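Chemist: Counting along the sequence shown from 1, when you hit position 108 you're at 135 in this note's numbering, and nothing is skipped either side. Please find one structure pasted underneath; my questions will follow.
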Amino acid sequence: MVERNYYLPRSGPMPRPKDLAEAVEALRQEAFPAPAVKRVTLHAKEFTAICPRTGQPDFGEVIVEYEPNLLCLESKAFKFYLWAFRDEGAYCESLAARIADDLFEVLSPRFLRVVVKQYARGGIELEAEAVRYGDE
């Protein structure tokens, strides 16, 4: 078996990303060759960002569905990436687009769908979806 240097620790507490650039690099470094699967879905049920208008935390979840081309998303790196948004001020719609753009850049999948759901605050739940298509 070939030794591999990993970007993130294999066990123990996971560090917090310094910024989004480091989080995207972790996605890139931890991606692995895609096996013969048609579709992959990741459902992160704990997601936090900051409302850019009020400065209050927005809680929610992120669902990523994609058809791999050459690479797959490593789940621990995905969690690390999502942690980078904890102090980011961004609207739900912007988050869906940013996450889709970052994942599409790293994975170059055939198809990618990102849904960001923000839990109710003020009695209103919000859901934003971003879709990207790659080359067949």
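Here a beta-carbon is modelled for each residue, glycine too, at the ideal position from N, C-alpha and C. Just so you know, these numbers come straight off a predicted model, no measurement behind them.
Contact defined as beta carbons within less than 8 Å: I believe R55 pairs with V142. What is the distance between those atoms, to the nearest angstrom?
Modeler: Translated into the one-based positions of the sequence shown, residue 55 becomes position 28. Translated into the one-based positions of the sequence shown, residue 142 becomes position 115. In fact, because the Cβ distance is near 23 Å, the residues do not count as touching under 8 Å.
Chemist: So what does D85 bridge to, in DSSP terms?
Modeler: Taking the first residue of the sequence shown as position 1, residue 85 is located at position 58. DSSP output for D85 lists A76 as bridge partner(s).
Chemist: Give the range of the alpha helix (DSSP H) segment to which F196 is assigned.
Modeler: Here the chain has residues from 28 to 163 only, and residue 196 is not among them.
Chemist: Got a sec, what are the start and stop residues for the alpha helix (DSSP H) L54 sits in?
Modeler: By one-based count along the sequence shown, residue 54 stands at place 27. Taken as a continuous stretch (DSSP letters only), the alpha helix (DSSP H) holding L54 covers 47–57.
Chemist: State the Cα-Cα distance for the pair A123 and S135, rounded to the nearest angstrom.
Modeler: Stepping through the sequence shown from its first residue, residue 123 is reached at position 96. Stepping through the sequence shown from its first residue, residue 135 is reached at position 108. Cα to Cα, A123 sits roughly 17 Å from S135.
Chemist: Could you check what DSSP says for V64 in three-state terms: helix, strand or coil?
Modeler: Translated into the one-based positions of the sequence shown, residue 64 becomes position 37. If DSSP states are grouped into helix, strand and coil, V64 belongs with coil.
Chemist: Going by DSSP in three states, R137 sits in which element: helix, strand or coil?
Modeler: If you number the sequence shown from 1, residue 137 lands on position 110. Coil at R137, not helix or strand.
Chemist: Which residue marks the beginning of the beta strand (DSSP E) containing E156, and which one marks its end?
Modeler: As a position in the sequence shown, residue 156 is number 129, starting the count at 1. Per DSSP, E156 belongs to the beta strand (DSSP E) from 151–160.
Chemist: Here's a check: name, in chain order, each residue in its chain whose Cβ is nearer than 7 Å to the Cβ of P84, leaving out the five neighbours to either side.
Modeler: Along the sequence shown, read from residue 1 onward, the residue named residue 84 stands at position 57. Here the set comprises T75, I77.
Chemist: Three or more beta-carbon pairs under 8 Å between the segment 46–63 and the segment 86–93, yes or no?
Modeler: Touching, no, given that fewer than three Cβ pairs across the two stretches are closer than 8 Å.
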